[in-house]
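*Asks:* Pasting a structure below so you can have a look.
In the UniProt record's numbering, the protein residues as written are 1 to 110.
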């Protein structure tokens, strides 16, 4: 088994959570999300991000608005809906439970 495949699966599993957290801070442009994710070493490409954003929008978790850009065509900015904030809160709770459980196992000496 290759470690890169395992790392990719782990990243993929938390990508939705990270995207919702980024958007929860305020309106954000997809390109800025990509930059933040890459800076955090969660490698993602546009071909992964845009379908996920569409799925989250269709699920009622986020919405978008078009804003004029001084450097080209209007840009689509994403923001969380009330349902999105509630969902993120539930995901955060689950994340903390999983982290505590994992830390307990990882820190237990044989």
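Quick reminder that beta carbons are idealized off the backbone N, C-alpha and C, glycines included.
So, for residue 23: in the same chain, excluding its five sequence neighbours on each side, which residues have a beta-carbon less than 7 Å away from its beta-carbon?
*Replies:* Mapped onto the chain shown, residue 23 falls at position 23. These residues qualify, in order along the chain: 62, 78, 79, 80.
*Asks:* Just checking, does the stretch 92-107 make contact with the stretch 57-72 on the three C-beta pairs under 8 Å criterion?
*Replies:* Counting Cβ pairs under 8 Å, fewer than three are found: no touch.
*Asks:* Under the assumption that residue 74 contacts residue 67 (Cβ atoms under 8 Å), give the Cβ distance between them as a whole number of angstroms.
*Replies:* Locating residue 74 in the chain shown gives position 74, counting from the first residue. Locating residue 67 in the chain shown gives position 67, counting from the first residue. That pair is a contact at about 6 Å.
*Asks:* What are the uninterrupted segments assigned as alpha helix (DSSP H) that are 4 or more residues long and contained completely in the UniProt domain "Transcription regulator PadR N-terminal" (19-89), given in chain order?
*Replies:* Within the UniProt domain "Transcription regulator PadR N-terminal" (19-89), the complete alpha helix (DSSP H) runs of at least 4 residues are 30-39, 46-58.
*Asks:* Just to confirm my understanding: we take residue 18, look at its own chain, exclude 5 residues before and 5 after, and list those with CB closer than 7 Å. What are they?
*Replies:* One-based indexing of the chain shown puts residue 18 at position 18. Only 37, 42 meet the Cβ criterion.
*Asks:* To which residues of the same chain is residue 25 closer than 8 Å at the C-beta, ignoring the five residues directly before and after it?
*Replies:* Position 25 of the chain shown, counted from the first residue, corresponds to residue 25. Excluding sequence neighbours, residue 25 sits near nothing in its chain.
*Asks:* Below 6 Å CB to CB, which residues in the same chain sit around residue 11 once its five sequence neighbours on both sides are set aside?
*Replies:* Position 11 of the chain shown, counted from the first residue, corresponds to residue 11. If we look at residue 11 and ignore the five residues flanking it on each side, its Cβ neighbours are 42.
*Asks:* Contact defined as beta carbons within less than 8 Å: I believe residue 88 pairs with residue 20. What is the distance between those atoms, to the nearest angstrom?
*Replies:* Residue numbering aside, residue 88 sits at position 88 when the chain shown is read from its first letter. Residue numbering aside, residue 20 sits at position 20 when the chain shown is read from its first letter. About 5 Å separates the two Cβ atoms, so the contact holds.
*Asks:* Count the other CB atoms within 10 Å of the CB of residue 13; is the residue buried (16 or more) or exposed (fewer)?
*Replies:* Your numbering for residue 13 matches position 13 in the chain shown. Answer is exposed; the Cβ neighbour count stays below 16.
*Asks:* Using only alpha-carbon positions, find the residue among 50, 101, 86, 65 that is nearest to residue 15.
*Replies:* On the chain shown, position 15 is the one that residue 15 refers to. When only C-alpha atoms are compared, the closest one is 50.
*Asks:* Kindly list the residues whose CB is nearer than 6 Å to the CB of residue 29, restricted to its own chain and excluding five residues on each side of it in sequence; keep chain order.
*Replies:* Position 29 of the chain shown holds residue 29. Cβ within range, chain order: 75, 77.
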